[in-house]
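Novice:
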Amino acid sequence: MTGPSRGDAAALDAADPLAWCRDRFVVDDPDLCYLAGNSLGRLPRITVERLARVVADEWGGGLVRSWERWIDLPVRVGDAIGTLLGAPPGTVVVADSTTVNLHALLDGACSARPDRGVLVVADGEFPTDRYVVDGVAAARGLTVRRVATDPIDGPPVDGVGGIAGIAAAVEPGDVAVVVVSAVDFRSAAILDVEAAVAAAHRAGAWVCLDLSHAAGVVPIDLDALGVELAVGCTYKHLLGGPGSPAFLYVRPDLVAAGLRRPQWGWFAQRDQFAMGAGFDPVDGAARFLAGTPAVLGLVAVEEGVGLVAEAGIEAIRAKSQALTAFARAVVADRLAPLGVGWASPTESERTGGHVTIAHPDAVAIGVAARADRVVPDVRPPDRIRLGLSPLSTAFVEVWDAVDRLAAIIGSGSVAGPEPGAGPRVP
Ligand SMILES: *Cc1c(COP(=O)(O)O)cnc(C)c1O
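Residue numbers (our numbering): 3 to 428.
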């Protein structure tokens, strides 16, 4: 059986209901295969216009008077993201980085639950999440319990070593918060969030969901899931640009019960410009704001999120699954015979917005790929992530990228496996 041809890819593009989206992006080099949108999304054209206008007219012309239109950006853009995530207005705000927001939420949660001494995180969780959990635990004298991550399927929910097992094994009522990603950053495995939340809640633990790789590409319904807290970045599938500010979600009843972050700042203050003597935070997630927001980043996020909303998350998910299934077929046909492993789930239903392949010479392949105008996202020692952005990635782009990777690996110009190198990821 032969795999998909370039003509098959072109036919899929011709039939793609989201094909119009690609024209909404800056594509300087049509021959460049950009497969890193899960790391930094392509630049929407409308963002170029909006930033130019904000810089020239609002900053250059309006100067300090423009704060009238800027001041509510963290809440306004938060509400737009909330709409994508099934979160009611006022429960999501945009500020700072995912790292800082996770710190603020975890710190606040631990202060609100002083009788609980354990935080749970997967050992294969995104590094900054692990560091934040370890940092908060170290500062407060808490214990960290780690869920052993499967390299393909991500952290297990069931079983002794899974989220359920660990939460249950710990002294009853001792887990404060479970921190977990909805989509695994390495393999793109989608967590069974419902089951994970149920397991955590059985142990009385709160859940802080990291949506960095999920927001804008996988449907999420925070309200229905009942998670307490969530964070995520905006420069991946939400298209906010390099260093654009992150979002955070707080379940409304927790704010009503007094949850707050330990870093108090005037952007959370009721009647901010009264400059009152004492800290009196507003209601809603806005009380998790701290200082002056990054306006240029925020307006870029607003445009990126607007484009995602225009395309619609259901259509985005459908294209995303078609892209991952197509990538799997082409990789199986062209790269598997060259010793490349598949390091993502095999079903597109369980896979987020990228796929991961494995080869011992991943780093050298990545360098050669860039020279051949393929931009993947290499994760040493042996993984190459292929980001498949439903709004901007064409099926032909995926086919061309795999074709070039096959030429690179097949030429033998990258070093072969080292003798005695361990088994490859399947
Ligand atoms: C990308 C990503 C982050 C990024 O954190 P920053 O503070 O924005 O650098 C955090 N967590 C996960 C799971 C991510 O994928």
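Ideal placement from N, C-alpha and C gives every residue a C-beta, glycine not left out. None of the values given here were measured: they were computed from a predicted structure.
For A114 and L261, I'd like the C-alpha separation in whole angstroms.
Specialist: 7 Å
Novice: How far does the alpha helix (DSSP H) with L390 in it reach, from first residue to last?
Specialist: Per DSSP, L390 belongs to no alpha helix (DSSP H) and is neither H nor E.
Novice: Quick check on the burial criterion: 16 or more other C-beta atoms within 10 angstroms. Buried or exposed for G412?
Specialist: When all chains shown are included, G412 counts as exposed.
Novice: In whole angstroms, what is the alpha-carbon distance linking V427 and L45?
Specialist: A caution first: V427 carries a pLDDT of 44, below 50, which makes its placement in the model unreliable, though a value can still be read off. Taking the Cα positions, V427 is about 33 Å away from L45.
Novice: Taking the alpha helix (DSSP H) that C112 belongs to, which residues open and close that run?
Specialist: 100-114
Novice: To the nearest angstrom, how far is it from the Cα of V66 to the Cα of A288?
Specialist: Rounded to whole angstroms, V66 to A288 spans 22 Å at the Cα level.
Novice: I need the boundaries of the beta strand (DSSP E) containing A396, first residue and last residue.
Specialist: Membership of A396 in any beta strand (DSSP E) is not indicated, and neither H nor E is assigned to it by DSSP.
Novice: If you draw a straight line from the alpha carbon of L407 to that of A190, how long is it in whole angstroms?
Specialist: 21 Å
Novice: For G119, which residues from the same chain have a beta carbon less than 7 Å from its beta carbon, with the 5 sequence-adjacent residues on both sides left out?
Specialist: L144, T145, D176
Novice: Keeping to the same chain, check which residues put their C-beta closer than 8 Å to that of A82; ignore five residues upstream and five downstream.
Specialist: The answer, listed in chain order, is E304, V307, G308, A311.
Novice: Give me the residue from D186, L211, V96 with the minimum Cα distance to V135.
Specialist: L211
Novice: If I154 sits next to P347, beta carbons under 8 Å apart, how far is it from one beta carbon to the other, in whole angstroms?
Specialist: Contact between I154 and P347 holds: their C-beta atoms lie close to 6 Å from each other, under 8 Å.
Novice: Any contact of the region 363-378 with the region 174-188, i.e. 3+ C-beta pairs under 8 Å?
Specialist: With a cut-off of 8 Å, the region 174-188 and the region 363-378 do not count as touching, because too few Cβ pairs lie within range.
Novice: Helix, strand or coil for H445 per DSSP?
Specialist: Residue 445 lies beyond the stretch modelled for the chain, which goes from 3 to 428, so this question has no answer here.
Novice: Where does I165 fall in DSSP's three states?
Specialist: helix
Novice: Can you tell me where the beta strand (DSSP E) with F328 in it begins and where it stops?
Specialist: That residue, F328, is in no beta strand (DSSP E); its alpha helix (DSSP H) goes 315-336.
Novice: Answer with buried or exposed for R263, where buried requires no fewer than 16 other C-beta atoms within 10 angstroms of its C-beta.
Specialist: buried
Novice: Let me know the secondary structure DSSP gives G356 once reduced to three states.
Specialist: The question names Gly, yet the displayed sequence has His at residue 356. Here H356 sits in strand by DSSP.
Novice: Taking only the alpha-carbon atoms, compute the straight-line gap between S7 and S68 and give it to the nearest angstrom.
Specialist: 53 Å
Novice: Counting only the same chain and skipping the five closest in sequence on each side, list residues whose C-beta sits under 7 Å from that of A124.
Specialist: R148, V149, T151, P157, V182
Novice: Taking L240 and A217 to be in contact with their CB atoms under 8 Å, please state how far apart those CB atoms are, rounded to whole angstroms.
Specialist: 6 Å
Novice: In the DSSP assignment, find the unbroken beta strand (DSSP E) run with R147 in it and report its ends.
Specialist: 145-149
Novice: What's the gap between the Cα of G424 and the Cα of V377?
Specialist: Here G424 scores only 43 on pLDDT, less than 50, and its place in the model is too uncertain to base an answer on.
Novice: Give me the Cα-Cα distance between H203 and I168, rounded to the nearest whole angstrom.
Specialist: 12 Å
Novice: At the level of alpha carbons, what is the spacing between V199 and R253?
Specialist: Spanning the two alpha carbons is a distance of roughly 14 Å.
Novice: Give me, in chain order, the residues of the same chain whose beta-carbon lies closer than 8 Å to that of V138; leave out the 5 immediate sequence neighbours on both sides.
Specialist: H105, L108, D109, C112, L121, L144
Novice: Please state if the CB of P295 and the CB of P244 are separated by a distance shorter than 8 Å.
Specialist: At a Cβ-Cβ threshold of 8 Å, P244 and P295 do not count as neighbours.
Novice: Which residues neighbour ligand 1 when neighbourhood means a C-beta less than 6 Å away from any of its non-hydrogen atoms? List them by chain order.
Specialist: Residues with a Cβ closer than 6 Å to any heavy atom of ligand 1, in chain order: S99, T100, T101, F128, T130, D131, S183, F187, D212, S214, H215, C235, A248.
Novice: For the pair the region 220-229 and the region 74-91, tell me if three or more CB-CB distances fall below 8 Å.
Specialist: yes
Novice: Only counting the same chain, and skipping five residues up and downstream in sequence, which positions put a Cβ closer than 7 Å to that of A21?
Specialist: Correct list, in chain order: D15.
Novice: Per DSSP, what kind of secondary structure is Q274 in: helix, strand or coil?
Specialist: Three-state result, Q274: helix.
Novice: Helix, strand or coil: which one does DSSP assign to R24?
Specialist: DSSP places R24 in helix when its eight states are reduced to three.
Novice: Can you tell me the Cα-Cα spacing of A12 and D255, whole angstroms?
Specialist: 50 Å
Novice: State whether the region 48-57 contacts the region 268-280, with contact taken as three or more CB pairs (one from each stretch) at a distance under 8 Å.
Specialist: no
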